[in-house]
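Here's the structure, in structure tokens; my notes come after.
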Amino acid sequence: DAGITQSPRHKVTETGTPVTLRCHQTENHRYMYWYRQDPGHGLRLIHYSYGVKDTDKGEVSDGYSVSRSKTEDFLLTLESATSSQTSVYFCAISAGNNSPLHFGNGTRLTVT
Amino acid sequence: EDQVTQSPEALRLQEGESSSLNCSYTVSGLRGLFWYRQDPGKGPEFLFTLYSAGEEKEKERLKATLTKKESFLHITAPKPEDSATYLCAVPSTGSARQLTFGSGTQLTVLP
Chain A
15 DAGITQSPRH
25 KVTETGTPVT
35 LRCHQTENHR
45 YMYWYRQDPG
55 HGLRLIHYSY
65 GVKDTDKGEV
75 SDGYSVSRSK
85 TEDFLLTLES
95 ATSSQTSVYF
105 CAISAGNNSP
115 LHFGNGTRLT
125 VT
Chain B
-2 EDQVTQSPEA
8 LRLQEGESSS
18 LNCSYTVSGL
28 RGLFWYRQDP
38 GKGPEFLFTL
48 YSAGEEKEKE
58 RLKATLTKKE
68 SFLHITAPKP
78 EDSATYLCAV
88 PSTGSARQLT
98 FGSGTQLTVL
108 P
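Chains as they are written, first to last, in this note's numbering: chain A, 15 to 126; chain B, -2 to 108.
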């Protein structure tokens, strides 16, 4: 899995609660990404990072924030979870622009 | 707006029955096209990158080709273990760091 660990693998939470998902890599890659995957929508980019403390928004960033204080860790936070954020979340890493992404095995999040 | 369309959505083949999956895209200035395989409960696994029309890449029973408007993933004499969802993606027009993914083709190979 290209040295990518996502935690937790599964989480059930209630509407309105904060949730943080963690992605840890051992490849020392510069770029890290958070995607969500939903039936009928495919994979959509939430946020990405191009270096420590350097992040940018993706296609579906509303309701999400990210932080990257170390090269190896990229955190995704849902400040106040909503049912529409029920999804499978994937972290990915890449060595550079136009380099292929390598994905973790995902976190299945259910917001009740 | 960048678009990536994959067809068919689902494909069922008998073992040994060759076929092709299609990925068509609309993006200004293609900077590569990526193919991935995704098994249930797992993240996508990188297969190929194609950069220019006419380019081909092969891996076991899979061969990917690229034209100016679409890419094909040819599967020759598939086996049940080739069953998976196959995704293609292209860098977005606005930012090469962002990939636009297709919705995938779910391939089932029956023994």
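Think of the CB as a built atom: it goes at the ideal place given N, C-alpha and C, for glycine as much as any other residue.
A quick note: this is a predicted structure, and the numbers were derived from the prediction, not measured.
Put simply, the CB of P22/A is far from chain B, with every gap to its CB atoms at 8 Å or more. Against L59/A, the close residues of chain B are Q95 and L96, in the order they occur along the chain (beta-carbon pairs closer than 8 Å).
Contact annotation, T96/A with S79/A: C-beta distance approximately 14 Å; criterion of less than 8 Å not satisfied.
Beyond the five residues adjoining it in sequence on each side, T97/B comes within less than 6 Å, by CB distance, of D(-1), V1, V87 and S89 in the same chain, given in chain order. Contact of P32/A with chain B is not assigned, every C-beta pair being separated by 8 Å or more.
For S89/B, the three-state secondary structure derived from DSSP is coil.
With its beta carbon at least 8 Å from every one in chain B, H38/A lies outside the interface. Taking 8 Å as the cut-off, the beta carbon of Q99/A is found closer than this to the beta carbon of G77/A. Residue pairing by DSSP places H24/A opposite R122/A in a beta bridge. Runs of alpha helix (DSSP H) with 4 or more residues, each lying fully within the stretch 36 to 92 of chain B, are absent. By DSSP's assignment, T40/A forms no beta bridge with any residue. Excluding sequence positions up to five before and after N19/B, its CB lies within less than 7 Å of the CB of Q3, S4, E67 and F69, all in the same chain and listed in chain order.
Residues of the stretch 110 to 122 of chain A whose Cβ lies closer than 7 Å to any Cβ of chain B, in chain order: N111, N112, P114, L115, H116, F117, G118, N119 and G120. Three or more pairs of CB atoms, one per stretch, sit closer than 8 Å, so the stretch 42 to 57 of chain B contacts the stretch 103 to 119 of chain A. Within the same chain, F69, L70, H71 and I72 come within 8 Å of S17/B by CB-CB distance, once the 5 residues on both sides are set aside.
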